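The number in our numbering is simply the position in the sequence shown, starting from 1, with 824 added. Note that CB positions come from ideal geometry on N, CA and C, so glycine has one too. Just so you know, these numbers come straight off a predicted model, no measurement behind them. Data block below; observations after.
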Amino acid sequence: MILHCGNSGLWFQIFAGISVSMGAFASSSLLAWVTPILPELLSPNSEIPMTPEEASWMISIPELADLVTPIPAGLLADRLGRKPMILASAPLFTLGWSIIIYYKTYNSLLIARCIQGAAVGIVYTVVPVYLGEIASTDSRGAITSLFFIFSWLGYLFEYCTGPFFSFSNYTLLTLATTVLFFVLVWILPESPYYCLMKGDRKEAYRSLLWFRRSSEELLRKEFDMMKLTIDEDQVKETSWMEVISNPADRKALYLMLFAGSLRILSGTMPLLSYATETFQNSPDLFIAPKYITMVLGLVLVSGAFVSFFTLDLLGRRSLLIISSLGSSIALCIAGTYYFLETKTSVDVSQYNWVAPAAVLVYAVVDVGGLYPVNTAYTSELFKSNTRAIAASISTLITTFFTFVTLKFYQTFIDLFGIYFNFFMFSGLCFIGTIISYLIMPETKNKTFSQIRKELVSSRNKIC
């Protein structure tokens, strides 16, 4: 995708993409909030005293709540609209931060993070659908990549503010971003695809005009194509079983679940949540672990911005293969360092920079490929009337894997050592590379209708 200054419609799409992607910012802030203050929370003088085991539950419990909302969010997004459901997540984030500020106890912290976890389930189910439906064909990869650009900006925000503010002020700053999220989404129009699904052609045309700002001829041509796509999608009534029973939808679901599972099983969530603690395992570094964590946040954002351009330049499939293979190599290098340091007599003290450097490289490669590709597939592979349903199933599965990786990351460190996690995630990424090469399709620069026809006609029997 190339940004043309004269293309005002593209800038409106970017503005809308940024606005709803503040939900990803809020979701990541929830997860990253713990990272810079975890050593303080585990200290004897903590405002909210907790053991390492209690901390692991505190870190992972939003994912349990996240399991509750994807299915209702998917159903309601088709019934009430994409925009109202995105708006509904903001008060849940705000309520959670308010509880944390005013009730500084371990139990209230768990309750607050459960409430916010429910909001994350809504965001991850509905926002990718909205992004895919408002974007033009040639910019869809870039617009959908905004979701994870802002996800990593959320991490950077928490990493850079946590070490320098008091507990309450740090949390209050995070709360303010959720208010901004609500205000920005409030002024946006509904998805034109959703308006057409509900038979409101007048509102759909207004929405498309807001997002495109193009000539009457181009606008009418795209609007007619949208109507044709919607008419084809809604030949028969949609049900949950159609996603499973329809061969093309079933194939799309398997592909999307694979991309989502690979994204989570690459280990990003636990490695980021425990980043400061992990870097403390590399002694005598020339820079304090908390500052390396800030650098990590910058690297995450840089990798995400790269994907803004590479997703449409390289394509989904190629980027997925490059990202998973690069992640595997970087994780293997970090794992090898920690294994030599903890399980052998080899002196690796002069190479103490290797593990942090490998993690930083991993972060760039991982977030620059696995994350935006997953969002793109979520918005592209399904018909308009099954898109939200499929997204909710995907969110449910990836949330489960996220909980497992977060909860057992510390357990595996205690049982085997920190190197074990790096080798495990490296192996999973390598397996993912092979599978990606064998089964994943390319959807770059294709309309929803074209992608659908290729899924229907594909002879890939794996799915």
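Check your understanding: Is the segment 1117-1124 close to the segment 980-995, with three or more CB pairs under 8 Å?
Key -> Contact holds: three or more Cβ-Cβ distances are below 8 Å.
Point to revise | Contact the segment 1130-1140 vs the segment 1260-1268: 3+ CB pairs below 8 Å | key: yes
Exercise for review: Taking the CB atoms as reference points, tell me whether residue 1331 and residue 920 lie closer together than 8 Å.
Suggested key: Because residue 1331 is not part of the residues shown, which for the chain are 825 to 1287, the question remains open.
Point to revise | Assumed close pair residue 1010, residue 911 - CB separation to whole angstroms, cut-off 8 Å | key: 7 Å
Exercise for review: With distances taken Cα to Cα, identify the nearest neighbour of residue 1203 among 1218, 871, 1131 and 1189.
Suggested key: Nearest option by C-alpha distance: 1218.
Exercise for review: State yes or no: is the C-beta of residue 943 within less than 8 Å of the C-beta of residue 904?
Suggested key: no
Check your understanding: Pick from 1239, 1037 and 1023: whose alpha carbon is nearest that of residue 836?
Key -> 1037
Practice item. Measure the alpha-carbon distance for residue 949 versus residue 1173 and round it to whole angstroms. Key: Between residue 949 and residue 1173, the C-alpha separation is close to 45 Å.
**Study point:** Rounded separation between residue 955 and residue 967 - CA only
**Key:** 7 Å
Review point. When DSSP labels each residue in this structure, what does residue 866 get in the three-state scheme?
Key: coil
Review point. Anyone know if the C-beta pair for residue 976 and residue 1124 falls short of 8 Å?
Key: If you check the CB distance, residue 976 and residue 1124 come in under 8 Å.
Practice item. Can you give me the start and stop residues for the alpha helix (DSSP H) that residue 898 sits inside? Key: 894-903
Point to revise | Beta-carbon separation (whole angstroms), residue 1230 vs residue 1094, contact threshold 8 Å | key: 5 Å
Exercise for review: Let me know the secondary structure DSSP gives residue 1180 once reduced to three states.
Suggested key: helix
Review point. Would the beta-carbon of residue 932 fall within 8 Å of that of residue 923?
Key: yes
Point to revise | C-beta atoms of residue 906 and residue 1029 nearer than 8 Å | key: no
Check your understanding: Helix, strand or coil: how does DSSP classify residue 1098 here?
Key -> The answer is coil: DSSP assigns residue 1098 none of H, G, I, E or B.
**Study point:** Run of the alpha helix (DSSP H) containing residue 1218, from where it starts to where it stops
**Key:** 1211-1239
Exercise for review: Would you decide whether residue 926 is buried or exposed? Buried here means 16 or more other CB atoms lie within 10 Å of its CB.
Suggested key: Per the 10 Å Cβ criterion, exposed.
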